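Residue numbers (this note's numbering): 11 to 382. Here the structure comes first, spelled out in structure tokens, and everything after it is commentary.
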């Protein structure tokens, strides 16, 4: 097995950027029902504004420069060249922490929190950060079948060994909130604590709330929000979980199609809706487009619905942050997780590290102080 860790530098050939510009200049726009707003999906006027900004204002080379400020590497694990950022704190006693993004996110979700986490005012709060691009995402690229959250977690446990960390924490949101707890399950001897946000499986009731369960008003509101999502916001999940290949043709061939597919989520899942800026949305679309992983990232949903490794009980200390739009409920979370920290916020949506980096950083410091 080749365990070499190789430096990585982001540089997209100019020819690929020229091809993107050509495609953006030749969009065939769909007709839409007038005055539908966001009720039927992304309004064409909104996407035209985003595309105009993408074409005339957005600067990919500036994004590359920002990404390349941080040390990046690849290493082969389980047959896959895994890409990751490895940002060590100047404080030698910093606590190692792996951050796991979700969909439609990427490593770019965490750019606003890298510096405050690695170089805090109090050295006791410092972290060494490991931020992977998941299999089928970004600069890791497409993977073979079978990469469910448990397999990804196993690969990340090996990554932390290669980096020399024998005790570390794991944090994740959205699908990262599958991976981080699974790291605690596959490597409990070395995972000191797990923290999640935007958590679903293992943290909410599936199959309905059991009869006789007493819920607070806030918990009932989360159940109502979950049910609204299942009835009116879950179409993307069903498509990606059942026919990712069919969807992939549009995502691989049309940058505006890719932008619409994930841009809807960056709009709808933010708190308040639409509060994430154009630059941040386009940066994520660019990472998917330039690595041709819009299609392959959908495989995550297929694998999650066709896996045999459903979450099992974990004794690793686990912290949960419910930001304004999150739906985790402590009573149900405690059935599978050793909940030692629970926090609720009235700010921030699905992309907490991107939307409210100050709250996200403070939350991680608070929880991981208890397990360092």
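Using N, Cα and C, we set each Cβ at its ideal position, and we do this for glycine too. As the structure is a prediction and not an experimental result, all values here were calculated from the model.
Count Cβ pairs between the region 105-112 and the region 43-53 that sit closer than 8 angstroms; are there 3 or more?
no
In whole angstroms, what is the alpha-carbon distance linking residue 70 and residue 342?
If I take the Cα positions, the gap works out to 43 angstroms.
Would the beta-carbon of residue 266 be found less than 7 angstroms away from any heavy atom of the ligand FMN?
The ligand content of the structure shown is nil, which means the ligand FMN is not present either.
Should the region 265-282 be regarded as contacting the region 292-312, the criterion being three or more beta carbon pairs within less than 8 angstroms?
yes
Taking residue 102 as the reference, which of 278, 62, 133 has the closest Cα?
133
Among 140, 68, 85, 92, which has the Cα closest to the Cα of residue 98?
140
Can at least three beta-carbon pairs, one atom from the region 188-197 and one from the region 161-170, be found at a separation below 8 angstroms?
yes
Hey, which unbroken runs of the alpha helix (DSSP H) at 4 residues or more fall wholly within the region 244-272?
245-252, 254-263
Grouping DSSP H, G and I as helix and E and B as strand, with all else coil, what is residue 237?
helix
Please classify residue 198 as buried or exposed, where buried requires at least 16 other C-beta atoms within 10 Å of its C-beta.
If you draw a 10 Å sphere on the C-beta of residue 198, you find fewer than 16 other C-beta atoms in it, and that means exposed.
Straight-line CA distance for residue 312 to residue 173?
30 angstroms
Could you tell me how far apart the beta carbons of residue 280 and residue 183 are, in whole angstroms, since I believe they sit closer than 8 angstroms?
Not confirmed; about 13 angstroms, so no contact.
Buried or exposed: which applies to residue 306, given that a residue is buried once 16 or more other Cβ atoms fall within 10 Å of its Cβ?
So residue 306 ends up on the buried side.
For residue 116, is the classification buried or exposed, using 16 other Cβ atoms within 10 angstroms of its Cβ as the cut-off for buried?
buried
DSSP three-state call for residue 313: helix, strand or coil?
If DSSP states are grouped into helix, strand and coil, residue 313 belongs with the helices.
Going along the chain, which residues of its own chain have a beta-carbon closer than 6 angstroms to the beta-carbon of residue 251, five neighbours each way excluded?
Here the set comprises 311, 312, 315.
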